[in-house]
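Here is the structure we will look at, set down as structure tokens.
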Amino acid sequence: MTELQAEKPRIGVFVCHCGINIGGVVNVPQVVKYAQTLPDVAYAEGNIYTCSAEGIDSIKKAIREHNLNRVVVASCTPRTHEPLFRGACVDAGVNPYLFELANIREQCSWVHMREPEKATDKAKDIVRMAAARASFLMPQEESEVPVDATALVIGGGISGITSALCLANQGFKVYLVEKEPELGGMLKKIYKLYPTDEDASKVLQASAEAVMSHKNIAVLTSAIIKAVDGYIGNFEVTALKNGQEHKFKAGTVIIATGAVEFRPTNMYGYDKYDRVLTQVDLEQVLRSGKPAMDKFFKPQTVAMIQCVGAREEKPPRSYCSRLCCMVAVKNAMLLKEWYPDSEVYIIYQDMQTYGKDYEEHHRKAREAGIKFINYTKENPPEVAHLPHDKLRLTVYHALLGEKRELNCDLVVLSTPLVQQESAKELSKILKVPLGQDEFFLEAHVKLRPVDFATDGIFVCGTAHGPKDIGEAISQAYAVSSRAGVPMANKKVRTEAITAVVDRERCIGCRMCENLCPYGAHRVEDGKSTVIEALCKGCGVCAAACMRRAISMRHFTDDQIMAEIKTAFMMETPNLSVTSSLEGGK
Amino acid sequence: MEDKFEPRILGFLCNWCSYAGADLAGVSRISYPTNIRIIRVMCSGRVDPLHVLEALRQGIDGVLVTGCHIGDCHYITGNQACEKRVRFLKETLGQIGVDPRRLRLEWVSASEGGKFARIVKEFIEEIRQLGPSPLRKEIQEIVSE
Numbered sequence: 001m002t003e004l005q006a007e008k009p010r011i012g013v014f015v016c017h018c019g020i021n022i023g024g025v026v027n028v029p030q031v032v033k034y035a036q037t038l039p040d041v042a043y044a045e046g047n048i049y050t051c052s053a054e055g056i057d058s059i060k061k062a063i064r065e066h067n068l069n070r071v072v073v074a075s076c077t078p079r080t081h082e083p084l085f086r087g088a089c090v091d092a093g094v095n096p097y098l099f100e101l102a103n104i105r106e107q108c109s110w111v112h113m114r115e116p117e118k119a120t121d122k123a124k125d126i127v128r129m130a131a132a133r134a135s136f137l138m139p140q141e142e143s144e145v146p147v148d149a150t151a152l153v154i155g156g157g158i159s160g161i162t163s164a165l166c167l168a169n170q171g172f173k174v175y176l177v178e179k180e181p182e183l184g185g186m187l188k189k190i191y192k193l194y195p196t197d198e199d200a201s202k203v204l205q206a207s208a209e210a211v212m213s214h215k216n217i218a219v220l221t222s223a224i225i226k227a228v229d230g231y232i233g234n235f236e237v238t239a240l241k242n243g244q245e246h247k248f249k250a251g252t253v254i255i256a257t258g259a260v261e262f263r264p265t266n267m268y269g270y271d272k273y274d275r276v277l278t279q280v281d282l283e284q285v286l287r288s289g290k291p292a293m294d295k296f297f298k299p300q301t302v303a304m305i306q307c308v309g310a311r312e313e314k315p316p317r318s319y320c321s322r323l324c325c326m327v328a329v330k331n332a333m334l335l336k337e338w339y340p341d342s343e344v345y346i347i348y349q350d351m352q353t354y355g356k357d358y359e360e361h362h363r364k365a366r367e368a369g370i371k372f373i374n375y376t377k378e379n380p381p382e383v384a385h386l387p388h389d390k391l392r393l394t395v396y397h398a399l400l401g402e403k404r405e406l407n408c409d410l411v412v413l414s415t416p417l418v419q420q421e422s423a424k425e426l427s428k429i430l431k432v433p434l435g436q437d438e439f440f441l442e443a444h445v446k447l448r449p450v451d452f453a454t455d456g457i458f459v460c461g462t463a464h465g466p467k468d469i470g471e472a473i474s475q476a477y478a479v480s481s482r483a484g485v486p487m488a489n490k491k492v493r494t495e496a497i498t499a500v501v502d503r504e505r506c507i508g509c510r511m512c513e514n515l516c517p518y519g520a521h522r523v524e525d526g527k528s529t530v531i532e533a534l535c536k537g538c539g540v541c542a543a544a545c546m547r548r549a550i551s552m553r554h555f556t557d558d559q560i561m562a563e564i565k566t567a568f569m570m571e572t573p574n575l576s577v578t579s580s581l582e583g584g585k
Numbered sequence: 586m587e588d589k590f591e592p593r594i595l596g597f598l599c600n601w602c603s604y605a606g607a608d609l610a611g612v613s614r615i616s617y618p619t620n621i622r623i624i625r626v627m628c629s630g631r632v633d634p635l636h637v638l639e640a641l642r643q644g645i646d647g648v649l650v651t652g653c654h655i656g657d658c659h660y661i662t663g664n665q666a667c668e669k670r671v672r673f674l675k676e677t678l679g680q681i682g683v684d685p686r687r688l689r690l691e692w693v694s695a696s697e698g699g700k701f702a703r704i705v706k707e708f709i710e711e712i713r714q715l716g717p718s719p720l721r722k723e724i725q726e727i728v729s730e
């Protein structure tokens with residue numbers, strides 16, 4: 001038994017008014033008064049803003065003066081403010097895992113604004129649950145693992161190239177693995193970049209050359225990732241090049257595998273008529289230059305159809321690919337510049353030219369005479385073949401409310417970026433998730449946009465979802481900074497919320513080993529052992545263990561049961577019902 | 586004894602999607618009745634059948650478990666494990682004389698604040714129709730004896 005287990009819990013409760021956010025609905029003084037009556041609560045007070053400098057000082061002062069060994073703050077969601085309050089505890093000598101947040105704002109005052117009395121009762125219940133849980137909290141130590149200052153970057157498109165360069169320039173060793181024979185990815189297929197009309201090839205060339213000649217970067221082209229074992233700081237990578245295995249160690253892994261253009265098979269005559277192209281097909285024609293295109297044909301009427309195969313009702317392609325509107329605007333302007341007498345139409349559902357200088361580009365296109373026709377999902381355009389390589393496009397103009405017929409000599413389909421086929425395999429190798437759209441799924445869309453839940457693995461560029469070059473480069477910088485942190489520190493703390501096996505109870509049935517998505521349980525000599533650096537703390541094993549041999553640090557059965565038993569004021573004193581969890585942790 | 590039956594609902598919410606979804610309902614000021622108390626777990630896969638049974642044994646009228654949508658689990662497959670357990674547990678509840686509808690599993694993403702509020706409202710109404718948990722009555726009888 002540790003010292004703290006022997007020590008009786010002395011809980012301090014701090015109830016926040018959050019200005020009027022909580023105080024305007026919940027009767028905070030009443031909640032404070034109630035908290036003072038709860039078991040193990042040694043001290044309770046109200047604060048106007050507990051997260052302010054005064055509030056934090058007040059917590060620290062109370063910990064010292066009242067000899068508190070656990071802290072409950074009743075305020076907002078733990079998802080934003082837990083680190084701040086944990087910091088206050090640490091400053092006053094209380095282990096950060098002895099802190100608990102009672103969410104009485106997002107999950108109480110803000111959703112029960114018209115029922116102040118009921119909201120006050122509920123806030124009391126929430127504080128009671130948090131205090132009951134706090135009684136069972138235990139201090140936890142985060143363990144430290146060494147980090148190899150080497151990064152593996154998977155994918156040699158503009159995102160991979162940029163992040164490799166950025167990391168190499170910070171002094172880290174980088175392995176860049178590209179499946180194609182040369183670097184470049186999607187940029188190799190593109191002619192000009194919006195909104196500046198720069199040559200994609202020039203942008204690419206400069207970075208690719210810098211990568212190839214950088215002393216810190218080892219480039220493996222025509223190579224794929226076969227296996228990645230280990231964990232942050234200590235990944236064991238096996239790459240396969242020309243049938244030969246290359247093995248090396250890496251401290252961090254960056255996924256920059258990019259995306260591909262959706263091929264609209266059997267849509268609008270694609271694959272059937274030569275003059276129906278996708279935007280990427282068109283880019284390749286444009287890349288060959290105007291003289292070459294002149295020989296091919298001089299377009300008189302061009303129609304671009306937006307959202308082809310995108311924004312569908314159901315996943316995976318229910319998303320907006322975001323860049324197709326600007327691509328269409330850019331290519332329409334290019335065609336108009338090369339062939340001023342031509343008519344260029346953009347047939348769209350919603351124009352989305354978000355971003356710096358983009359809307360201006362859109363406006364210029366309208367001024368230059370590009371014609372925009374609005375269609376709705378219910379009335380999509382139709383393309384039929386006419387003699388002499390002509391195409392008849394019929395569309396119901398939703399704004400004018402009339403049918404339009406265009407005789408085109410070129411129809412361009414704007415299709416979304418979609419995930420690479422190899423992504424599923426890679427997501428299994430690295431044990432990182434894909435979303436419903438099949439793109440790699442970040443740890444948190446706002447707060448951790450380039451991290452994965454798995455430490456030491458990051459994502460940038462279109463592997464994460466459709467984005468343009470500027471956004472992909474920004475993300476490449478972001479991952480280089482994120483991956484650089486543990487590599488610069490040469491060590492990392494691993495999350496203390498992990499599984500613990502009671503070896504006395506474990507019978508080595510391998511249920512946990514089979515269920516664990518991370519391979520953190522290894523059964524050896526008839527007992528399971530947890531590799532803490534691999535465990536992410538989900539608790540799937542603990543809930544499955546028939547022997548109740550597994551407990552989750554910081555989410556023990558005792559802690560959860562304490563919350564269950566105190567959730568409502570029952571007719572019967574609920575704590576008198578003894579736990580049926582024999583040997584429960 | 587109460588005149589009007591107010592259902593007591595306990596929610597187990599996963600940290601990454603559903604708890605954030607419930608927070609979003611708050612940020613968006615989407616109101617729902619006060620009948621629910623929430624327990625945050627890291628993953629819906631952490632919810633042990635015994636947690637649900639204990640809640641019911643305490644006289645709670647309905648248990649709501651919410652996790653990330655299938656395919657979006659922060660822990661890759663934790664919600665799939667949860668789905669299997671809930672299916673099994675619903676059968677067991679029927680066998681011990683508790684209406685399986687008292688246990689409900691839903692997927693709520695971090696962006697579905699409105700959906701969370703709607704599910705809570707619906708579930709409270711469903712439990713209101715079902716009436717108090719039979720176990721709650723038993724507890725009252727034991728106490729009054």
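Protein sequences, first through last, are from chains A and B. All the letters of the first sequence, read from the start, carry residue numbers 1 to 585 under our numbering. All the letters of the second sequence, read from the start, carry residue numbers 586 to 730 under our numbering. In this text, a Cβ means the ideal position worked out from N, Cα and C, and glycines have one as well. Remember, it's a predicted structure, so these values are computed and weren't measured experimentally.
Alpha-carbon spacing of residue i relative to residue j, whole angstroms
| i | j | result |
| --- | --- | --- |
| A:V577 | B:S629 | Because A:V577 carries a pLDDT of 38, less than 50, the predicted location of this residue cannot be relied on, and the following value inherits that uncertainty. Answer to the nearest angstrom: the Cα atoms are 26 Å apart. |
| B:E697 | A:Y358 | 30 Å |
| A:R86 | A:P486 | 22 Å |
| A:V285 | A:Q107 | 56 Å |
| A:Y175 | A:V219 | 6 Å |
| A:S159 | B:S613 | 35 Å |
| A:K314 | A:S414 | 19 Å |
| A:V41 | A:R10 | 6 Å |
| A:T462 | A:L417 | 8 Å |
| A:K33 | A:G171 | 57 Å |
| A:P387 | A:I154 | 48 Å |
Closer than 7 Å to chain B by CB, residue i
| i | result |
| --- | --- |
| A:F568 | yes |
| A:L575 | Because the pLDDT of A:L575 is 40, which lies under 50, any placement of that residue in the model is unreliable, and the question is left without a value. |
| A:T77 | yes |
| A:F436 | Phe is not the amino acid found at residue 436 of chain A; the sequence shown has Gln there. A:Q436 counts as touching chain B. |
| A:K433 | Note on residue identity: the sequence assigns Pro, not Lys, to residue 433 of chain A. True, the Cβ-Cβ gap to chain B drops below 7 Å. |
| A:I20 | no |
| A:E142 | no |
| A:Q107 | yes |
| A:V540 | yes |
| A:E563 | yes |
| A:G537 | yes |
is_contact[residue i, chain A] using C-beta, thresh 7 Å
| i | result |
| --- | --- |
| B:C628 | yes |
| B:R703 | no |
| B:R622 | yes |
| B:E587 | Confidence is the limiting factor: at B:E587 the pLDDT is only 48, short of 50, which leaves the residue's position unreliable and the question unanswerable from this model. |
| B:G699 | no |
| B:I594 | no |
| B:S694 | no |
Boundaries (first-last residue) of the beta strand (DSSP E) holding residue i
| i | result |
| --- | --- |
| B:I621 | 621 to 626 |
| A:S551 | 550 to 552 |
| A:D229 | 223 to 231 |
| A:A544 | Careful: A:A544 lies outside any beta strand (DSSP E), inside the alpha helix (DSSP H) at 540 to 544. |
| A:T301 | 301 to 305 |
| A:H521 | 521 to 524 |
| A:I346 | 343 to 348 |
Integer Cβ distance of residue i from residue j, believed to fall under 8 Å
| i | j | result |
| --- | --- | --- |
| A:V127 | A:A164 | Rounded, the Cβ-Cβ distance is 51 Å, inconsistent with contact. |
| A:K272 | A:I224 | With a Cβ gap of about 34 Å, A:K272 and A:I224 do not count as contacting. |
| B:A666 | B:C602 | That pair is no contact at about 15 Å. |
| A:K490 | A:P146 | 7 Å |
N- and C-terminal bounds of the alpha helix (DSSP H) containing residue i
| i | result |
| --- | --- |
| B:Y660 | No alpha helix (DSSP H) holds B:Y660; DSSP gives it neither H nor E. |
Interface flag, residue i vs chain C, CB-CB below 7 Å
| i | result |
| --- | --- |
| A:D558 | The chain inventory of the structure shown lacks chain C, comprising the protein chains A and B. |
Proximal residues, the segment 488 to 503 of chain A versus chain B, C-beta separation under 7 Å: I497
What are the residues in the segment 346 to 375 of chain A lying within 8 Å of chain B by C-beta distance? none
Could you name the residues of the segment 708 to 721 of chain B whose beta carbon sits closer than 9 Å to any beta carbon of chain A, in the order they occur along the chain? R721
Using a Cβ-Cβ cut-off of less than 8 Å, give me the residues of the segment 639 to 655 of chain B that come near chain A, in sequence order. E639, A640, R642, Q643, G644, I645, H654
Report the residues of the segment 108 to 120 of chain A with a CB closer than 9 Å to any CB of chain B, ordered along the chain. C108, S109, W110, V111, H112, M113, R114, E115, K118, A119
Where the segment 149 to 180 of chain A meets chain B: residues whose CB sits under 9 Å from a CB there: none
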